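To convert a position in the sequence shown, counted from 1, into the working numbering, add 147.
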Amino acid sequence: MEEEFHKVRRLPPYVFEQVNRLKASARSRGADIIDLGMGNPDLPTPKSIVDKLCEVVRDPRTHRYSSSRGIPGLRRAQANYYARRFGVKLDPETQIVATLGSKEGFANMAQAITAPGDVILCPNPTYPIHAFGFIMSGGVIRSLQAEPDAGFIPALERGVRHSIPKPLALILNYPSNPTAHVATLDFYKDVVAYAKKNDIIILSDLAYSEIYFDGNPPPSVLQVPGAIDITVEFTSMSKTFSMPGWRMGFAVGNERLIAALTRVKSYLDYGAFTPIQVAATTALNGDGADIAEVRDIYHRRRDVMVDSFGRAGWVIPAPAASMFAWAPIPGPFRHLGSLEFSKLLIEHADVAVAPGVGFGEHGDDFVRIALVENEHRIRQAARNIKRFFTSSAKQPNNVVPLAAHR
Ligand SMILES: Cc1ncc(COP(=O)(O)O)c(C=O)c1O
Numbered sequence: 148m149e150e151e152f153h154k155v156r157r158l159p160p161y162v163f164e165q166v167n168r169l170k171a172s173a174r175s176r177g178a179d180i181i182d183l184g185m186g187n188p189d190l191p192t193p194k195s196i197v198d199k200l201c202e203v204v205r206d207p208r209t210h211r212y213s214s215s216r217g218i219p220g221l222r223r224a225q226a227n228y229y230a231r232r233f234g235v236k237l238d239p240e241t242q243i244v245a246t247l248g249s250k251e252g253f254a255n256m257a258q259a260i261t262a263p264g265d266v267i268l269c270p271n272p273t274y275p276i277h278a279f280g281f282i283m284s285g286g287v288i289r290s291l292q293a294e295p296d297a298g299f300i301p302a303l304e305r306g307v308r309h310s311i312p313k314p315l316a317l318i319l320n321y322p323s324n325p326t327a328h329v330a331t332l333d334f335y336k337d338v339v340a341y342a343k344k345n346d347i348i349i350l351s352d353l354a355y356s357e358i359y360f361d362g363n364p365p366p367s368v369l370q371v372p373g374a375i376d377i378t379v380e381f382t383s384m385s386k387t388f389s390m391p392g393w394r395m396g397f398a399v400g401n402e403r404l405i406a407a408l409t410r411v412k413s414y415l416d417y418g419a420f421t422p423i424q425v426a427a428t429t430a431l432n433g434d435g436a437d438i439a440e441v442r443d444i445y446h447r448r449r450d451v452m453v454d455s456f457g458r459a460g461w462v463i464p465a466p467a468a469s470m471f472a473w474a475p476i477p478g479p480f481r482h483l484g485s486l487e488f489s490k491l492l493i494e495h496a497d498v499a500v501a502p503g504v505g506f507g508e509h510g511d512d513f514v515r516i517a518l519v520e521n522e523h524r525i526r527q528a529a530r531n532i533k534r535f536f537t538s539s540a541k542q543p544n545n546v547v548p549l550a551a552h553r
């Protein structure tokens, strides 16, 4: 048997695949699985954005190769968004590039800046591309805590002190997927000061900039004066405008880093289809009503989830932002780990969640619950889970096979 290719060998089997397979086989048996697993928004893209796409696509001039770094109007719209929302001034010519979703931008930034063996400081647990974008580019990951609390800077200092060579970059992701932690501007100030002193690049993933609750909009790290000297930030239209399949995002910030990403991308792609770029421009230039509607829907779902799961006996901290709850595995099941617990939920409650271990080893006491089903289905999931908890308390060995105990 031939050996696996060098890069493919560095990609572990996808944990979520095991849950997906179980989900598919339960569905093939006729089970109605309530899928709170993948972070795939279920809401339709607002009509005005779809209409714009349909209008523009009729013009054959838009069928040619587009601009890899984004059409000028789109980059200007993103600059206006940063000015409006964060009070951050950006030059659309040199400090903004459009990406094919933020995931592509992040992965190609890793490709652009990483030399073999470069050390990257990365939260654990985190969204997988944060680590694997760099691993595929020959980098080495050193894990950091995900919580943006008082322990973060000491952990960062330890990470830097004990890494040889000195780390190239630090990854931040607040609001976090999967943990839903939100950072304050003061936190960012401390991190930027430390990173500047130690000549470390900051890559900030702000995919959930607009999905926040209780009137607390998450800040951008670029709001810290001077952060732009070392920082690039990634935003996404996938969640903000319910456009995940459209593949539209942005990288903004330091000119040298943006130039490196733009250059790599100019060799790899021709940019998003022009009608998508034009429709995305319309979306960004909108009055914010579409964003508020999406935010309200996730807000209501969050409240329903926290309330109904709590009444089912599963107390879950209410996330302040993002479209996820980071749910501690209930005590009686914690010893099983997140993958086995997720499998039990599919088999015995017809509910799919994402096992925390899929986001890193430090996520194994949790599962991630995505708010991607409607309120009625979330309540139904809570009822199913309550039934499962009750029956497993009465007959534990009928529900949790002995072999599953670690
Ligand atoms: C933190 C985070 N970053 C990036 C992405 C990818 O977004 P996009 O669709 O823009 O590639 C996701 C999607 O779930 C995410 O949760």
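Just so it is clear, CB atoms sit at the ideal spot from N, CA and C, and this is done for glycine as well.
If you're wondering where the values come from, they're calculated on a predicted model, not measured in any experiment.
Tell me which residue opens and which closes the beta strand (DSSP E) that residue i is part of.
{"i": "residue 273", "result": "Premise fails: residue 273 is in no beta strand (DSSP E) and is neither H nor E."}
{"i": "residue 290", "result": "287 to 291"}
{"i": "residue 246", "result": "243 to 246"}
{"i": "residue 396", "result": "396 to 400"}
{"i": "residue 162", "result": "That residue, residue 162, is in no beta strand (DSSP E); its alpha helix (DSSP H) goes 162 to 175."}
{"i": "residue 317", "result": "316 to 319"}
{"i": "residue 350", "result": "348 to 352"}
Contact defined as beta carbons within less than 8 Å: I believe residue i pairs with residue j. What is the distance between those atoms, to the nearest angstrom?
{"i": "residue 389", "j": "residue 441", "result": "6 Å"}
{"i": "residue 471", "j": "residue 325", "result": "6 Å"}
{"i": "residue 468", "j": "residue 355", "result": "6 Å"}
{"i": "residue 360", "j": "residue 232", "result": "At roughly 17 Å, the Cβ-Cβ gap does not stay under 8 Å, so residue 360 and residue 232 are not in contact."}
{"i": "residue 343", "j": "residue 376", "result": "7 Å"}
Suppose the cutoff is 6 Å on Cβ atoms and the five residues either side in sequence are ignored; what does the same chain contact list for residue i look like?
{"i": "residue 271", "result": "290, 507, 509"}
{"i": "residue 224", "result": "428, 431, 432"}
{"i": "residue 335", "result": "368, 371"}
{"i": "residue 237", "result": "226, 229, 243, 399"}
{"i": "residue 385", "result": "391"}
{"i": "residue 516", "result": "183, 472, 474, 500"}
{"i": "residue 339", "result": "371, 374"}
{"i": "residue 263", "result": "285"}
Alpha carbon to alpha carbon, what distance is there between residue j and residue i?
{"i": "residue 258", "j": "residue 402", "result": "17 Å"}
{"i": "residue 179", "j": "residue 214", "result": "44 Å"}
{"i": "residue 227", "j": "residue 349", "result": "22 Å"}
{"i": "residue 323", "j": "residue 234", "result": "22 Å"}
{"i": "residue 320", "j": "residue 295", "result": "10 Å"}
{"i": "residue 245", "j": "residue 418", "result": "8 Å"}
{"i": "residue 166", "j": "residue 327", "result": "22 Å"}
{"i": "residue 492", "j": "residue 191", "result": "28 Å"}
{"i": "residue 631", "j": "residue 539", "result": "An answer regarding residue 631 cannot be provided, because it is not within the stretch 148 to 553 covered by the chain."}
{"i": "residue 480", "j": "residue 514", "result": "12 Å"}
{"i": "residue 420", "j": "residue 249", "result": "16 Å"}
{"i": "residue 330", "j": "residue 535", "result": "36 Å"}
{"i": "residue 443", "j": "residue 201", "result": "27 Å"}
{"i": "residue 247", "j": "residue 203", "result": "19 Å"}
{"i": "residue 173", "j": "residue 526", "result": "20 Å"}
{"i": "residue 351", "j": "residue 252", "result": "12 Å"}
{"i": "residue 153", "j": "residue 383", "result": "31 Å"}
{"i": "residue 498", "j": "residue 541", "result": "20 Å"}
{"i": "residue 552", "j": "residue 482", "result": "The pLDDT assigned to residue 552 is 46, lower than 50, so where the model puts this residue is not dependable; a value taken from the coordinates is nonetheless given after this. For residue 552 and residue 482, the distance between alpha carbons rounds to 7 Å."}
Which two residues bound the contiguous alpha helix (DSSP H) that contains residue i?
{"i": "residue 219", "result": "219 to 233"}
{"i": "residue 303", "result": "299 to 308"}
{"i": "residue 423", "result": "421 to 431"}
{"i": "residue 479", "result": "478 to 481"}
{"i": "residue 488", "result": "485 to 496"}
{"i": "residue 537", "result": "522 to 541"}
{"i": "residue 200", "result": "194 to 204"}
{"i": "residue 387", "result": "384 to 387"}
{"i": "residue 444", "result": "436 to 458"}
{"i": "residue 152", "result": "Premise fails: residue 152 is in no alpha helix (DSSP H) and is neither H nor E."}
{"i": "residue 500", "result": "Premise fails: residue 500 is in no alpha helix (DSSP H) and is neither H nor E."}
Out of the options, state which residue places its alpha-carbon closest to the alpha-carbon of residue i.
{"i": "residue 518", "options": "493, 533, 466, 489", "result": "466"}
{"i": "residue 106", "options": "149, 304, 181", "result": "Here the chain covers residues 148 to 553 and nothing more, so residue 106 does not appear."}
{"i": "residue 447", "options": "358, 201, 540", "result": "358"}
{"i": "residue 473", "options": "198, 481, 464, 528", "result": "464"}
{"i": "residue 477", "options": "360, 195, 265, 533", "result": "533"}
{"i": "residue 195", "options": "423, 454, 309, 212", "result": "423"}
{"i": "residue 301", "options": "284, 210, 341", "result": "341"}
{"i": "residue 260", "options": "315, 308, 210", "result": "315"}
{"i": "residue 187", "options": "395, 530, 520, 528", "result": "520"}
{"i": "residue 488", "options": "163, 159, 156", "result": "163"}
{"i": "residue 265", "options": "305, 221, 312, 276", "result": "312"}
{"i": "residue 451", "options": "175, 529, 412", "result": "529"}
{"i": "residue 210", "options": "425, 496, 537, 438", "result": "425"}
{"i": "residue 353", "options": "306, 439, 159, 274", "result": "274"}
Only counting the same chain, and skipping five residues up and downstream in sequence, which positions put a Cβ closer than 7 Å to that of residue i?
{"i": "residue 511", "result": "484, 485, 503, 504"}
{"i": "residue 288", "result": "267, 269, 278, 281, 282"}
{"i": "residue 409", "result": "216, 244"}
{"i": "residue 254", "result": "276, 280"}
Excluding the 5 residues flanking residue i on each side, which residues of the same chain have their C-beta closer than 8 Å to its C-beta?
{"i": "residue 241", "result": "402, 405, 406"}
{"i": "residue 298", "result": "292"}
{"i": "residue 490", "result": "165, 166, 169"}
{"i": "residue 332", "result": "366, 370, 371"}
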